[in-house]
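Peer 1: I have a structure I would like to understand better, so I am pasting it below and will then ask my questions one at a time.
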Amino acid sequence: MRIAVPNKGRLHEPSEELLERAGLHLVDGADRQLHADTVDPDVTVLYARAADIPEYVADGAADVGITGLDQVRESDTDDLVELRDLDFGRCRLVLAAPEESNIETVYDFEGGRIATEFPKITRRYFDRVDVDVDVTEVSGATELTPHVDIADGIVDITSTGTTLRMNRLAVVDEVLESSVRLFAREDTADDEKVQQVDTALGSVLAAEDKRYLMMNAPEDALDDVEDVLPGMGGPTVMDIAGSDQLAVHAVVDERAVFETISSLKDVGASDILVTEIERLVE
Numbered sequence: 032m033r034i035a036v037p038n039k040g041r042l043h044e045p046s047e048e049l050l051e052r053a054g055l056h057l058v059d060g061a062d063r064q065l066h067a068d069t070v071d072p073d074v075t076v077l078y079a080r081a082a083d084i085p086e087y088v089a090d091g092a093a094d095v096g097i098t099g100l101d102q103v104r105e106s107d108t109d110d111l112v113e114l115r116d117l118d119f120g121r122c123r124l125v126l127a128a129p130e131e132s133n134i135e136t137v138y139d140f141e142g143g144r145i146a147t148e149f150p151k152i153t154r155r156y157f158d159r160v161d162v163d164v165d166v167t168e169v170s171g172a173t174e175l176t177p178h179v180d181i182a183d184g185i186v187d188i189t190s191t192g193t194t195l196r197m198n199r200l201a202v203v204d205e206v207l208e209s210s211v212r213l214f215a216r217e218d219t220a221d222d223e224k225v226q227q228v229d230t231a232l233g234s235v236l237a238a239e240d241k242r243y244l245m246m247n248a249p250e251d252a253l254d255d256v257e258d259v260l261p262g263m264g265g266p267t268v269m270d271i272a273g274s275d276q277l278a279v280h281a282v283v284d285e286r287a288v289f290e291t292i293s294s295l296k297d298v299g300a301s302d303i304l305v306t307e308i309e310r311l312v313e
């Protein structure tokens, strides 16, 4: 099975890191290489431009792809199924106009010009709101176009809004909220190997912001300990050989660890150990 991932840019390293954490360690890979094997002999990673990955999957060059939702929507590729939001690379595709302009709503663009690197998404957006504009595709420096009389406004990606503010542009409307997704072709989405990869990646995401607590507790304090633990279901309880104590294990949210430990000590728990969780298969 072939997984297509971005070959460079802000999505490249997080994508590789996620695969590594999911147990798909890369081998025989190097910078500028087009592909890399993994420790699973049935799984290969292909490197491609983020914008080309939807086409790779649609054409069968790859079985699954990792790239931004914005790239999938812009490709307008049929028969792609989103398997999972991978929860990184979050950004917004926004409609913006010069701060000094009189444009306040999308309807003020009627008959105007819009510059963007995402012409398909932009045309669909303006069709949806029933505003007639001329969409001009540009390949870079989109923020400059309103200031050199090329466009009245832009549709562009923003994460923090800093670049827009630096170029004296104000957001008029949000066109699309995007993040990196795992997707496959409709005819391969249910394949066993595809589902294995999806589960592996999901186990990494499920483990984020979770901690594993292990402790000892007197048997007569078990009910109080269980009341304190805010974990996933009930804790695991085991006898300790040669001791009147019980071993109690539980998964809790990281943000609850500090308060939980204090409460556990108050009800008699001791030898409390907190560890990170690499993967959690739900």
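Numbering (the numbering used here), first residue to last: 32 to 313. Note that beta-carbon positions come from the ideal geometry of N, C-alpha and C, so glycine has one too.
Mapping the DSSP letters down to three states, classify Met246 as helix, strand or coil.
Peer 2: The residue given as residue 246 occupies position 215 in the sequence shown. DSSP places Met246 in strand when its eight states are reduced to three.
Peer 1: Can you name the start and end residues of the beta strand (DSSP E) that Ser209 belongs to?
Peer 2: Here residue 209 corresponds to residue number 178 of the sequence shown, with the count starting at 1. First-last of the beta strand (DSSP E) with Ser209: 200 to 209.
Peer 1: What number of angstroms, rounded off, separates the C-alpha of Met245 from the C-alpha of Glu307?
Peer 2: Within the sequence shown, numbered from 1, the residue matching residue 245 stands at position 214. Within the sequence shown, numbered from 1, the residue matching residue 307 stands at position 276. One C-alpha to the other measures close to 12 Å.
Peer 1: Mind checking whether Asn247 and Ala278 have CB atoms under 8 Å apart?
Peer 2: As a working note, residue 247 is residue 216 in the sequence shown. As a working note, residue 278 is residue 247 in the sequence shown. Yes, these two residues count as a Cβ contact at 8 Å.
Peer 1: Alpha carbon to alpha carbon, how far is Phe119 from His280? Give it in angstroms, no decimals.
Peer 2: Stepping through the sequence shown from its first residue, residue 280 is reached at position 249. Stepping through the sequence shown from its first residue, residue 119 is reached at position 88. Rounded to whole angstroms, His280 to Phe119 spans 30 Å at the Cα level.
Peer 1: Of all Cβ atoms in chain C, is any one closer than 8 Å to the Cβ of Gln276?
Peer 2: In the displayed structure, chain C is absent; only one protein chain is listed.
Peer 1: Please confirm if the region 199 to 206 is in contact with the region 120 to 131, defined as three or more CB-CB distances below 8 Å between the two stretches.
Peer 2: A contact exists between the region 199 to 206 and the region 120 to 131.
Peer 1: Hey, Thr108 and Thr147: beta-carbon distance below 8 Å or not?
Peer 2: By 1-based counting over the sequence shown, the position of residue 108 is 77. By 1-based counting over the sequence shown, the position of residue 147 is 116. No, these two residues do not count as a Cβ contact at 8 Å.
Peer 1: Within the continuous alpha helix (DSSP H) that includes His280, where are the two ends?
Peer 2: What you label residue 280 is simply residue 249 of the sequence shown in a count that begins at 1. Premise fails: His280 lies in the beta strand (DSSP E), 276 to 284, not in any alpha helix (DSSP H).
Peer 1: Based on Cα-Cα distance, which residue from Leu200, Gly96, Ser274 lies nearest to Ala35?
Peer 2: Along the sequence shown, read from residue 1 onward, the residue named residue 35 stands at position 4. Comparing Cα-Cα distances from Ala35 to each of Leu200, Gly96, Ser274, the minimum goes to Gly96.
Peer 1: With which residues is Tyr78 paired in a DSSP beta bridge?
Peer 2: Here residue 78 corresponds to residue number 47 of the sequence shown, with the count starting at 1. BP columns for Tyr78 point to Val36.
Peer 1: Quick check: what's the CA-CA separation for Tyr156 versus Pro150?
Peer 2: In the sequence shown, residue 156 corresponds to position 125, counting from 1. In the sequence shown, residue 150 corresponds to position 119, counting from 1. If I take the Cα positions, the gap works out to 10 Å.
Peer 1: With Val235 and Leu49 assumed to form a contact (beta carbons below 8 Å), what rounded beta-carbon distance in angstroms separates them?
Peer 2: Counting from one through the sequence shown, the residue named residue 235 turns up at place 204. Counting from one through the sequence shown, the residue named residue 49 turns up at place 18. Indeed, because the Cβ distance is near 6 Å, the residues count as touching under 8 Å.
Peer 1: Just the Cα atoms here: how many angstroms apart are Asn133 and Ala182?
Peer 2: Start at 1 with the first residue of the sequence shown, and residue 133 comes out as number 102. Start at 1 with the first residue of the sequence shown, and residue 182 comes out as number 151. Distance between the alpha carbons of Asn133 and Ala182 is about 14 Å.
Peer 1: Which class does Ile152 belong to by DSSP, given the choice of helix, strand or coil?
Peer 2: Position 121 of the sequence shown, counted from the first residue, corresponds to residue 152. The answer is helix: DSSP assigns Ile152 an H, G or I state.
Peer 1: Suppose you measure from the CA of Ala82 to the CA of Gly91; what does that come to, to the nearest Å?
Peer 2: Against the sequence shown, residue 82 aligns to sequence position 51. Against the sequence shown, residue 91 aligns to sequence position 60. Straight-line Cα distance between these residues: approximately 16 Å.
Peer 1: Would you grab the beta carbon distance between Val70 and Val58 for me? Rounded to a whole angstrom, and I think it's under 8 Å.
Peer 2: Looking up residue 70 in the sequence shown gives position 39. Looking up residue 58 in the sequence shown gives position 27. About 6 Å; that satisfies the 8 Å criterion.
Peer 1: How far does the beta strand (DSSP E) with Gly115 in it reach, from first residue to last?
Peer 2: Here residue 115 is taken as the residue at index 84 of the sequence shown, counted from 1. According to the sequence as given, residue 115 is Arg; it is not Gly. 111 to 116 is the extent of the beta strand (DSSP E) around Arg115.
Peer 1: What residue does the beta strand (DSSP E) around Thr69 start on, and which one ends it?
Peer 2: On the sequence shown, position 38 is the one that residue 69 refers to. Run containing Thr69: 66 to 69, per the beta strand (DSSP E) assignment.
Peer 1: Using the Cβ count rule (16 or more neighbours within 10 Å means buried), how would you classify Pro266?
Peer 2: Position 235 of the sequence shown holds residue 266. Classification for Pro266: buried.
Peer 1: To the nearest angstrom, report how far apart Glu105 and Pro72 are at their CA atoms.
Peer 2: Taking the sequence shown and counting its residues from 1, the one referred to as residue 105 is at position 74. Taking the sequence shown and counting its residues from 1, the one referred to as residue 72 is at position 41. Glu105 and Pro72: Cα-Cα distance of roughly 33 Å.
Peer 1: Inspect the beta-carbon positions of Asp240 and Pro261 and report whether they are closer than 8 Å.
Peer 2: Your numbering for residue 240 matches position 209 in the sequence shown. Your numbering for residue 261 matches position 230 in the sequence shown. Not a contact, by the Cβ cut-off of 8 Å.
Peer 1: Indicate the three-state DSSP secondary structure (helix, strand or coil) for Pro129 in the structure shown.
Peer 2: Position 98 of the sequence shown, counting from 1, holds the residue named residue 129. Strand at Pro129.
Peer 1: Could you tell me the alpha carbon to alpha carbon distance between Gly273 and Val211, rounded to whole angstroms?
Peer 2: Here the question's residue 273 lines up with position 242 in the sequence shown. Here the question's residue 211 lines up with position 180 in the sequence shown. So the two alpha carbons sit approximately 51 Å from each other.
Peer 1: Considering only residues of the same chain and omitting the five flanking positions on each side of Leu200, which have a CB-CB separation below 8 Å?
Peer 2: Within the sequence shown, residue 200 is the residue found at index 169, counting from 1. Excluding residues within five positions, the ones whose Cβ falls inside 8 Å are Ala127, Ala128, Pro129, Glu130, Glu174, Pro177, Ile185.
Peer 1: Indicate, with yes or no, if the ligand MG has a heavy atom lying under 7 Å from the CB of Ala53.
Peer 2: For the ligand MG, the structure offers nothing, since it holds no ligand at all.
Peer 1: Hey, how far is the Cα of Thr189 from the Cα of Val202?
Peer 2: As a working mapping, residue 189 is identified with position 158 in the sequence shown. As a working mapping, residue 202 is identified with position 171 in the sequence shown. One C-alpha to the other measures close to 10 Å.
Peer 1: Out of curiosity, what's the CA-to-CA distance linking Gln102 and Pro85?
Peer 2: Locating residue 102 in the sequence shown gives position 71, where the first residue counts as 1. Locating residue 85 in the sequence shown gives position 54, where the first residue counts as 1. Distance between the alpha carbons of Gln102 and Pro85 is about 7 Å.
Peer 1: Taking the continuous alpha helix (DSSP H) assigned at Arg196, which residues delimit it?
Peer 2: Counted from its first residue, the sequence shown places residue 196 at position 165. Arg196 -> alpha helix (DSSP H) spans 193 to 197.
Peer 1: Based on the DSSP output, what are the partners of Glu214 in its beta bridges?
Peer 2: Within the sequence shown, numbered from 1, the residue matching residue 214 stands at position 183. One detail in the question is off: residue 214 reads as Phe in this sequence, not Glu. Paired residues: Gly96, Glu113.
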